[in-house]
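Encoded as structure tokens, the structure appears first; notes follow it.
Protein chains: 2
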Amino acid sequence: MTQAASVTAAVLIIGDEILSGRTKDQNISYIADYLSKIGIDLREARVVPDVTAEIVAAVNALRPRYDYLFTTGGIGPTHDDITADAIAAALGVEISEDPRVIYLLLERIKPEDLNEARRRMARIPHGAELVKNRISAAPGFWIGNVIVMAGVPAIMRAMLDEVGPKLATGTPVIVETIAAGRLPEGAYAAPLGEIAAAYPELSIGSYPAFRDGGFHNELVVRGKDKTKLASAAAAIKSMLTELAKARA
Amino acid sequence: MTQAASVTAAVLIIGDEILSGRTKDQNISYIADYLSKIGIDLREARVVPDVTAEIVAAVNALRPRYDYLFTTGGIGPTHDDITADAIAAALGVEISEDPRVIYLLLERIKPEDLNEARRRMARIPHGAELVKNRISAAPGFWIGNVIVMAGVPAIMRAMLDEVGPKLATGTPVIVETIAAGRLPEGAYAAPLGEIAAAYPELSIGSYPAFRDGGFHNELVVRGKDKTKLASAAAAIKSMLTELAKARA
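Residue numbers (the numbering used here), protein chains in the order written: chain F, 7 to 254; chain H, 7 to 254.
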């Protein structure tokens with residue numbers, strides 16, 4: 007929508023199944039990548055269990071700190087789906103069955119199948135906009151700066167596609183990745199630190215990966231100023247070349 | 007070591023690269039699974055950037071609440087590796103170069119290669135025990151109830167293997183997973199909620215997965231009491247069988 011210098015966000019993953027190890031979370035990295043591409047800086051992520059007090063505390067810790075708070079999980083029809091009520095409690099607003107959702111559900115469910123459990127999915131905090139999705143009838147919702155999405159990755163992605171174009175976005179971050187080959191971090195840490203200190207507006211990271219019995223490191227430069235980014239990347243490449251020569 | 011009824015933990019993932027979407031976190035799910043198997047309940051996870059104030063705030067929010075706090079990331083030799091100093095700041099203890107780490111580093115690094123950057127990996131808060139690992143020379147450490155590990159998954163896992171046998175563990179959780187086939191959540195939510203209410207000491211969850219154009223749901227019963235778990239699982243299976251018959 008509008009474009010600001012910096013737009014920030016947090017993610018709150020709601021679900022016992024992530025903390026028990028049963029389900030590997032896929033949503034943090036997907037949302038991180040999605041937001042990064044549209045210029046929104048993901049600054050924090052949390053995972054909490056299906057416990058109302060924990061959800062309320064996390065929502066109220068995160069929503070004042072960032073421009074957006076995205077939540078995933080806990081909006082289905084079963085007893086452990088308590089997110090909508092927890093969000094209403096956190097925001098201090100009423101919640102009740104929303105006729106707009108009943109309408110959406112009846113597009114896919116026969117009236118005789120609209121049982122009490124399914125009606126729970128129609129509980130929406132007052133003042134929220136619905137976030138529809140192309141996969142399931144039950145919507146997420148958007149209230150204040152909190153965007154509530156499903157936990158099932160395919161449905162969460164469909165909801166994110168729905169809200170994405172409506173988000174305020176910042177200047178997109180440009181990323182340049184430079185392979186350090188087999189050079190160990192300790193060999194380039196000092197000169198890299200000097201380059202990082204010379205470009206305080208950029209984020210310069212060193213990311214070691216360990217495979218096949220050795221390190222394969224990558225240096226990543228991230229920032230919004232194309233000229234400075236190119237200049238820092240050139241400094242890093244020339245530093246690595248010098249080091250590699252000296253070690254050869 | 008000792009076995010208590012309930013031992014709890016939190017995980018703090020430290021690293022810009024997870025929040026930018028560059029790196030998919032693999033550590034939360036691995037640690038969740040590892041702890042679950044030895045009877046430690048992971049209750050919360052957070053991801054914060056490489057910013058001292060954020061690390062300190064998260065450490066001091068989490069360590070009083072849980073029996074253990076595991077951190078990953080930020081203990082290498084580069085400028086963005088600030089975890090050890092942040093932990094010392096959070097705990098209000100001194101930090102300096104630890105001769106035990108210098109000794110470990112010199113087992114793998116030539117004295118002339120032990121530059122200033124690599125010496126940074128020897129900065130350990132006073133009073134910490136070292137957490138060695140079989141892959142890299144640089145250790146993690148354990149201070150109070152905070153266990154500080156590397157971010158590289160292979161090294162983190164080696165460190166977890168090192169500390170695992172020394173942790174106080176709880177009664178292991180038993181898990182039974184029951185496939186709901188193509189039954190939609192809305193069809194079994196009400197009877198499942200009744201079963202969950204009848205077994206308050208168990209955690210009963212419904213986990214929808216969406217693939218090949220349809221839902222494939224699983225019901226998971228978790229708990230420490232084998233008899234109650236078997237009884238709840240039997241109730242769920244018979245409920246699902248009845249429902250499937252009624253719909254056939």
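From the three backbone atoms N, C-alpha and C, an ideal C-beta is built for every residue, glycine too.
Can you have a look at residue i and say buried or exposed, based on whether 16 or more other CB atoms are within 10 angstroms of its CB?
i                        : result
serine 244 of chain H    : exposed
proline 131 of chain F   : buried
threonine 247 of chain F : exposed
serine 209 of chain H    : buried
alanine 204 of chain F   : exposed
glutamate 113 of chain F : exposed
lysine 232 of chain H    : exposed
arginine 126 of chain F  : buried
methionine 7 of chain F  : In this prediction, methionine 7 of chain F scores a pLDDT of 43, lower than 50, which makes its location untrustworthy; the coordinate-derived value is nonetheless stated afterwards. So methionine 7 of chain F ends up on the exposed side.
tyrosine 72 of chain F   : buried
arginine 253 of chain F  : exposed
proline 178 of chain H   : exposed
alanine 240 of chain H   : exposed
proline 55 of chain F    : buried
isoleucine 19 of chain F : buried
aspartate 104 of chain H : buried
glutamate 100 of chain H : exposed
lysine 138 of chain F    : buried
proline 83 of chain H    : buried
glycine 133 of chain F   : exposed
glutamate 168 of chain H : buried
Along chain F, which residues have their Cβ under 9 Å away from the Cβ of residue i?
i                     : result
serine 212 of chain H : Gly82, Pro83, Thr84, His85, Asp86 and Asp87
valine 226 of chain H : Asp22, Glu23, Ser26 and Arg28
For residue i, tell me which candidate among the options has the shortest Cα-Cα distance.
i                            : options                                   : result
isoleucine 93 of chain F     : F:Asp104, F:Ile81 and F:Ala196            : F:Ile81
alanine 215 of chain H       : H:Ala193, H:Gly187 and H:Tyr205           : H:Gly187
proline 159 of chain F       : F:Glu23, F:Gly27 and F:Tyr36              : F:Tyr36
leucine 48 of chain F        : F:Ser26, F:Phe76, F:Thr58 and F:Glu103    : F:Phe76
glycine 98 of chain F        : F:Ala63, F:Ala202, F:Val169 and F:Thr177  : F:Ala63
threonine 183 of chain H     : H:His222, H:Leu136, H:Asp104 and H:Ser26  : H:His222
arginine 217 of chain H      : F:Ser142, F:Ala195, F:Tyr109 and F:Leu68  : F:Ser142
lysine 43 of chain F         : F:Ile180, F:Ser26 and F:Pro70             : F:Ile180
valine 53 of chain F         : F:Arg69, F:Ile34 and F:Leu41              : F:Ile34
glycine 211 of chain H       : F:Pro145, F:Glu100 and F:Glu23            : F:Glu23
alanine 202 of chain H       : H:Val226, H:Gly192, H:Ala193 and H:Lys138 : H:Val226
serine 102 of chain H        : H:Leu120, H:Ala236 and H:Asp91            : H:Asp91
glycine 21 of chain H        : H:His85, H:Arg69 and H:Glu50              : H:His85
leucine 198 of chain F       : H:Arg124, H:Val137 and H:Val169           : H:Arg124
valine 152 of chain F        : F:Asp39, F:Gly27 and F:Ile61              : F:Ile61
serine 26 of chain H         : F:Gly219, F:Ala51 and F:Arg129            : F:Ala51
arginine 140 of chain F      : H:Gly219, H:Ala15 and H:Ala16             : H:Gly219
phenylalanine 147 of chain H : H:Lys251, H:Lys30 and H:Arg106            : H:Arg106
Since residue i meets chain H, which of its residues come closer than 8 Å, beta carbon to beta carbon?
i                      : result
alanine 202 of chain F : His85 and Asp86
leucine 48 of chain F  : Leu25, Ser26 and Gly27
So which residues on chain F does residue i lean against when the C-beta distance must stay under 7 Å?
i                        : result
threonine 77 of chain H  : Correct list: empty, because the minimum Cβ distance to chain F is about 15 Å.
aspartate 39 of chain H  : Gly27
isoleucine 93 of chain H : Within chain F, no residue comes near isoleucine 93 of chain H; the closest Cβ sits about 18 Å away, beyond 7 Å.
For residue i, go through chain H and note every residue whose CB falls closer than 7 Å to its CB, in chain order.
i                         : result
asparagine 121 of chain F : Gly192 and Ala196
serine 209 of chain F     : Asp22
serine 35 of chain F      : Gly27, Lys30 and Asp31
The alpha helix (DSSP H) spanning residue i covers which residue range?
i                       : result
glycine 269 of chain H  : Nothing can be reported for residue 269 of chain H, as the shown portion of chain H is limited to 7 through 254.
threonine 89 of chain H : 89 to 97
alanine 158 of chain F  : Per the sequence shown, the amino acid found at residue 158 of chain F is valine instead of alanine. Counting along the chain, valine 158 of chain F falls outside any alpha helix (DSSP H), and DSSP gives it neither H nor E.
alanine 240 of chain F  : 232 to 253
Would you give the residue range spanned by the beta strand (DSSP E) that residue i belongs to?
i                         : result
glutamate 182 of chain H  : 180 to 185
isoleucine 210 of chain F : 209 to 213
leucine 225 of chain H    : 224 to 229
leucine 18 of chain F     : 13 to 20
leucine 75 of chain F     : 74 to 78
glycine 146 of chain H    : 146 to 149
Just the chain H side, please: which residues come within less than 9 Å of residue i by C-beta, in chain order?
i                         : result
isoleucine 180 of chain F : The contacting residues do not exist; isoleucine 180 of chain F stays about 12 Å from chain H at best.
alanine 51 of chain F     : Ile19, Ile24, Leu25, Asp31, Ala51, Arg52, Val53 and Val54
isoleucine 141 of chain F : Phe216
What in chain F is Cβ-close to residue i, meaning under 8 Å?
i                        : result
alanine 160 of chain H   : Phe216 and Arg217
arginine 124 of chain H  : Gly192 and Ala195
glycine 199 of chain H   : Thr84, His85 and Ala123
serine 42 of chain H     : Ser26 and Gly27
isoleucine 61 of chain H : Those within 8 Å of isoleucine 61 of chain H in chain F number zero; the least Cβ separation is about 11 Å.
For this session: Return the chain-ordered ranges of every alpha helix (DSSP H) run that is complete within the region 28 to 72 of chain F and spans a minimum of 4 residues.
Result: If we require 4 residues or more, the alpha helix (DSSP H) runs fully inside the region 28 to 72 of chain F come out as 33 to 43 and 58 to 68.
Problem set entry | Runs of beta strand (DSSP E) wholly within the region 101 to 144 of chain H (minimum 3 residues, chain order) | Complete beta strand (DSSP E) runs here, min 3: 101 to 103, 129 to 131 and 135 to 137.
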